[in-house]
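Each residue of the sequence shown is one higher than the one before, starting from -5 at the first, in this note's numbering.
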Amino acid sequence: MAKELLFWRHGQTDLNIRGRIQGSTDCPLNGEGLAQAREIAPELAKKQITKIYCSDLLRAKQTAEVLAGLLHLEVTVDPRLRERSYGDWEKLTAKEIKDRWPAEFCAWREGKQPEGVNVETRLACGMRVKEAVLDAVRESGQDDVLMFVAHGGSIVNGIMCLLEMDPQQWTGFQGQDNCHWARLIPRPKANPPWRVVTYNGWIEGETGLPANLWR
-5 MAKELLFWRH
5 GQTDLNIRGR
15 IQGSTDCPLN
25 GEGLAQAREI
35 APELAKKQIT
45 KIYCSDLLRA
55 KQTAEVLAGL
65 LHLEVTVDPR
75 LRERSYGDWE
85 KLTAKEIKDR
95 WPAEFCAWRE
105 GKQPEGVNVE
115 TRLACGMRVK
125 EAVLDAVRES
135 GQDDVLMFVA
145 HGGSIVNGIM
155 CLLEMDPQQW
165 TGFQGQDNCH
175 WARLIPRPKA
185 NPPWRVVTYN
195 GWIEGETGLP
205 ANLWR
């Protein structure tokens, strides 16, 4: 079993700053997003990371490559780490969604699953991320520190499933801010077998509540 798991959200994109849902829409980092990755990567490089995995979406790959370049590591791309699909809502703002689907929007804001708009469930998203993480853990050694570079929704739902919590029923975590990270350590004989020790971390010692709901 790996010594630690790290989950790093990608840097900022233009859709982020425009308040538009990205989901599985592929788009690059903007200048600020690249700057964020370059600022935090040296801090993450101190954490003795041995393997890097990332989503197949460009914004995650670009973020991962900044860290991989510092550590001289290869990046393993796993599509299971990609963001939750938001179906018909992708590239739309909250106002646009509310105007067109008021009932579904209300359900979503209450933490329920919106019906009829092709949005992936939190549980489906979280379970595929969990599978990707556990596959990587099974291939790791006891001294490995694994980094997963992904997205606000895929990270939070994946962590919930690793903690054996149903993200459909418990919505107490929001997505991390751009380029912020989480750290989990193993508890092989405990239930759940992982403990969250950092969430929404930035520079060493700095943590806070996430503010950006758009993933």
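Ideal Cβ positions, reconstructed from N, Cα and C, are used throughout, including at glycine.
This structure is a prediction, so every number in the text was calculated from the model and none was measured.
Secondary structure note for L178: its beta strand (DSSP E) is the uninterrupted segment W175 to P180. Here the C-alpha atom of E37 lies approximately 7 Å from the C-alpha atom of I197. For S49, the closest alpha carbon among the candidates K92, C155, N194 and V123 is that of V123.
CA-to-CA, the gap between H174 and E(-2) works out to about 16 Å.
In the DSSP assignment, E77 falls outside any beta strand (DSSP E) and carries neither an H nor an E. Secondary structure at I46: strand, using DSSP grouped into helix, strand and coil. Counting C-beta pairs with one atom in each stretch, the segment 96 to 116 and the segment 134 to 142 have fewer than three that are closer than 8 Å, which means they do not touch.
Check the Cα spacing between L117 and each of E77, T192, D82 and K40: the tightest is with E77. Bridge pairing for A144: R3 [DSSP].
Judged by their CB atoms, G13 and L28 are not nearer to each other than the 9 Å cut-off.
For V71, the secondary structure class from DSSP, reduced to helix, strand or coil, is strand. The criterion of a C-beta distance shorter than 9 Å is satisfied by Q168 and V150. Ranking G63, H145 and I91 by CA distance to the CA of R103 puts I91 first.
Check the Cα spacing between P73 and each of Q30, L65 and M121: the tightest is with M121. Cβ-Cβ separation between L0 and R177: approximately 5 Å, consistent with a contact (criterion under 8 Å). In this structure, V69 sits near V143, with a CB-CB distance shorter than 9 Å. Counting other Cβ atoms within 10 Å of its Cβ, I179 stays below 16 and is therefore classed as exposed. Secondary structure of E59 (DSSP, three-state): helix.
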